[in-house]
Amino acid sequence: MTSFPARDVVRSALDVLGVRNLVFGIHDAACPSGADEDLGVGSPYGDAAARLVAFVHDQGFNGLQLGPQGALFRGRSSPYDGTLFSRNPCSLAIAPLARSPWARPRDETRVAIARRARPGTPADRDRARRSVDRLLDDAAAALDRDGAAASVRDARARFEAFRQAQAWWLVRDARYFAIAGAIGHEDWRRWPASGPGRGGDADAGIDAGARQYALAQWLVHEQHADFHARTRALGLRLYADFQAGASPADAWGWPDVWLPGYRMGAPPSRTNPEGQAWHYPVLDPRPVGTTAGEGAARRFFLARVRKLLDEFDAMRIDHPHALVCPWVYRDDGADPLAAVRAGARLFESPDLPDHPALAPLAIARPDQIDRRRPRHADDWVSDLDDAQVTRYAAQFATVTRMVRDAGGEPSDLACEVLSTQPLPLARVMDALGLGRFRVTQKLDPDDPSDVYRGENAEPRDWIMVGNHDTLPVWGAARRWVAEGRAGARAAYLAGRLRPPDPAAWTARVATDPAALARASLADLFVGPARNVFVYFSDVFGSVEPYNRPGTVQAGNWSERLPAEFEALHAGRAARGEALDLPGALATAIEARGPDVARAHVDLLGALRARARRPIGG
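As numbered in this note's numbering, residues 198 to 814 make up the sequence shown, in order.
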């Protein structure tokens with residue numbers, strides 16, 4: 198059996214374990230670039246990224262999840278602050294342009310980029326923007342050339358068709374970014390009453406900037422369509438990231454869809470005790486239009502979901518609370534964090550004296566509120582009837598229906614429910630058959646009821662050691678050992694993985710960070726959760742977090758895979774310091790008991806032949 202391709206062996210093992218989805222996650226900027234295509238940030242659409250897709254497929258994954266891909270204004274680095282419809286022009290890849298019969302960069306443009314190229318180094322977004330601007334100048338000049346070749350005429354026709362088809366969002370975003378660029382900042386509430394975008398001579402420059410922005414959007418959308426075709430051909434389901442927030446461009450471009458006076462954030466939680474002031478606008482839930490539930494806000498929401506389903510196969514729902522019971526705070530205070538702490542949930546505040554504007558929007562009744570509990574507590578709402586659950590589920594039900602209409606299933610939605618799951622959200626998730634996240638890195642080994650423990654998962658849930666907001670498991674394991682917390686965790690893992698000599702295994706793993714990390718990864722496949730997600734930093738053995746939530750730091754959202762990522766993974770896996778899927782799966786099958794192991798002895802042999810290091814040593 199060892200003569201079969203490694204992917205076939207891994208997929209067979211996943212079938213035995215009942216794992217439906219094994220998804221690899223990475224954000225655009227972290228993708229690898231070669232020296233001749235590096236713009237300063239990664240792109241999923243370049244040649245090195247094409248090798249990454251092949252690597253992910255060959256490893257045995259059947260899904261690939263990208264982060265939010267929206268356009269960001271200068272000074273912003275979190276992809277969760279990006280636009281809802283536009284794509285980030287910095288994700289434009291130079292390699293496809295270099296092969297284009299009409300849009301090839303001028304030699305000096307490529308040379309200028311290559312001289313600054315340091316593939317695999319932290320993201321340099323300012324350089325990426327400058328590089329993209331040069332590429333767009335070249336493409337625009339080629340597109341406008343008189344007496345152009347047939348390839349240029351064809352490109353010009355495709356560009357105009359794109360502009361017409363996508364005008365419903367493109368005109369707004371293009372104009373916003375052109376005006377913001379001319380003024381120098383994105384806060385449209387502080388834009389002057391006269392000047393760029395207000396008529397007069399300055400508008401000629403705005404129109405030119407808007408056309409350049411539209412050109413960037415067409416090019417990056419075409420590259421995404423090619424990328425999606427490639428993943429589909431390999432059988433990799435492509436997951437979008439349905440972010441909770443909206444950008445300033447969305448707030449400016451769609452002024453009639455937002456609830457006045459409020460912003461959305463995160464309440465105090467186990468992860469962030471102080472809460473988080475996200476400053477995101479809140480979609481207006483009031484029924485405005487000819488029929489209850491219709492109107493500008495609903496049309497906006499439907500258009501957003503439809504566009505994602507046209508461009509991806511499935512979705513990760515970022516902070517699903519935003520669709521069910523968002524935490525909102527007043528936007529008229531001088532201290533946003535204080536306002537967050539004094540906030541409330543949008544639909545379960547029927548009679549709060551400091552939030553009278555929320556009372557008409559309440560779904561929960563006053564008699565269903567447990568006022569002994571904090572407003573943000575999961576049990577602030579103590580009970581709901583079925584009709585109320587249906588009202589809470591309105592937006593989520595729309596998403597699941599549209600997913601079905603597109604040929605998918607609710608299980609294609611990965612819902613980022615972490616430590617906080619208010620009763621309304623729990624009831625909606627149950628009603629729609631949706632699973633939550635089980636982030637095992639955060640589990641309490643001494644609390645059998647902890648929500649992050651693998652044995653407490655449901656088959657519909659998604660299990661992972663971490664995500665973009667946590668330490669990679671390799672760094673976390675080092676911390677557990679250094680802080681004397683590894684013993685309890687190793688004992689917990691021994692109970693899940695069932696090694697032949699649990700005491701000796703636990704003692705060995707508790708002193709070896711790499712072995713502890715390997716065991717934590719194997720634990721993902723024991724069950725009962727049938728959906729497994731592994732972030733790229735856990736696959737490749739990183740030790741630093743991709744993002745530190747609740748902070749603004751230069752290193753956030755900046756890690757990048759090197760161009761030689763295959764060699765990086767092979768070397769680290771050989772040392773037991775990166776994900777070794779065959780070894781993890783063999784351990785998980787053996788953890789199911791001797792009867793299962795005997796029934797699949799040939800498969801276990803094939804897995805062990807490909808495993809790099811023993812899980813527990």
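Backbone N, C-alpha and C define an ideal beta-carbon position, used for all residues, glycine too.
As the structure is a computational prediction, the values presented were derived from the model and not from experiment.
Do you know how far the Cα of residue 543 is from the Cα of residue 485? For residue 485, the pLDDT reaches just 49, beneath the cut-off of 50, and the residue's location in the model is therefore unreliable, although a value from the coordinates is still provided. Approximately 17 Å, taken between the alpha carbons.
Could you have a look at residue 269 and say whether DSSP puts it in helix, strand or coil? coil
Cβ pair count under 8 Å reaching 3, the segment 521–529 against the segment 452–465: yes
For residue 477, name the three-state secondary structure that DSSP assigns. strand
Among 377, 467 and 407, nearest to residue 444 - alpha-carbon criterion: 377
Could you give the C-beta distance for residue 762 and residue 229, rounded to a whole number, given that I count them as a contact under 8 Å? 5 Å
Residue 659, enclosing beta strand (DSSP E) - first and last residue: 659–661
Take residue 325 as the anchor and find which of 400, 447, 630 and 290 has the nearest alpha-carbon. 290
3 or more residues per run - each beta strand (DSSP E) lying fully within the segment 613–685: 634–636 and 659–661
Could you say if the segment 495–506 and the segment 559–571 meet the contact criterion of at least three C-beta pairs nearer than 8 Å? no
Roughly how many angstroms lie between the CA atoms of residue 691 and residue 702, to the nearest whole one? 7 Å
Comparing C-alpha positions only, which one of 713, 657, 584 and 623 sits nearest to residue 606? 657
Bridge partners - residue 514, DSSP secondary structure assignment: 439 and 612
On the CB-based measure, 16 or more other CB atoms within 10 Å of its CB, does residue 198 come out buried or exposed? Low confidence applies to residue 198: its pLDDT is 39, below 50, so where it sits in the model is not reliable, and the reading given next is rough at best. With fewer than 16 Cβ atoms within 10 Å of its Cβ, residue 198 is classed as exposed.
Tell me which residue opens and which closes the alpha helix (DSSP H) that residue 223 is part of. From DSSP, residue 223 is part of no alpha helix (DSSP H) but of the beta strand (DSSP E) over 218–223.
Where residue 798 falls, given that 16 or more other Cβ within 10 Å makes a residue buried: exposed
Do residue 221 and residue 282 count as a contact pair if the criterion is CB distance below 8 Å? no
In angstroms with no decimal places, state the Cα-to-Cα distance between residue 693 and residue 549. 46 Å
Skipping 5 residues on each side, what residues in its chain have a beta carbon closer than 7 Å to that of residue 793? 786
To which residues of the same chain is residue 700 closer than 6 Å at the C-beta, ignoring the five residues directly before and after it? none
Give the list of continuous alpha helix (DSSP H) stretches no shorter than 4 residues that lie fully inside the segment 258–329. 291–295 and 304–312
Straight-line Cα distance separating residue 400 from residue 619: 49 Å
With distances taken Cα to Cα, identify the nearest neighbour of residue 493 among 451, 503, 515 and 310. 451
Name the residue from 684, 756 and 635 whose alpha carbon lies nearest to the alpha carbon of residue 316. 756
Would you decide whether residue 489 is buried or exposed? Buried here means 16 or more other CB atoms lie within 10 Å of its CB. A caution first: residue 489 carries a pLDDT of 44, below 50, which makes its placement in the model too unreliable to give a value.
Check whether the segment 595–612 touches the segment 547–565, taking contact to mean three or more Cβ pairs, one atom from each stretch, closer than 8 Å. no
What does the alpha-carbon distance come out to for the pair residue 752 and residue 217? 35 Å
Could you pull the start and end residues of the beta strand (DSSP E) that residue 345 belongs to? Premise fails: residue 345 is in no beta strand (DSSP E) and is neither H nor E.
For the alpha helix (DSSP H) containing residue 501, name the first residue and the last one. 493–508
Name the DSSP bridge partner or partners of residue 527? 459
Closer than 8 Å is the cut-off here; do at least three beta carbon pairs connect the segment 737–744 with the segment 229–245? no
Which residue's Cα is closest to the Cα of residue 503: 577, 598 and 663? 598
Can you find at least 3 beta carbon pairs, one from the segment 663–681 and one from the segment 707–720, that sit closer than 8 Å? yes
Using the C-alpha atoms, what's the distance from residue 719 back to residue 800? 16 Å
Between residue 682 and residue 639, what straight-line distance do the alpha-carbon atoms span, to the nearest angstrom? 12 Å
Residue 487 versus residue 393: straight-line alpha-carbon distance, rounded: Any reading at residue 487 is ruled out, since the residue's pLDDT is 39, under 50, leaving its predicted position unreliable.
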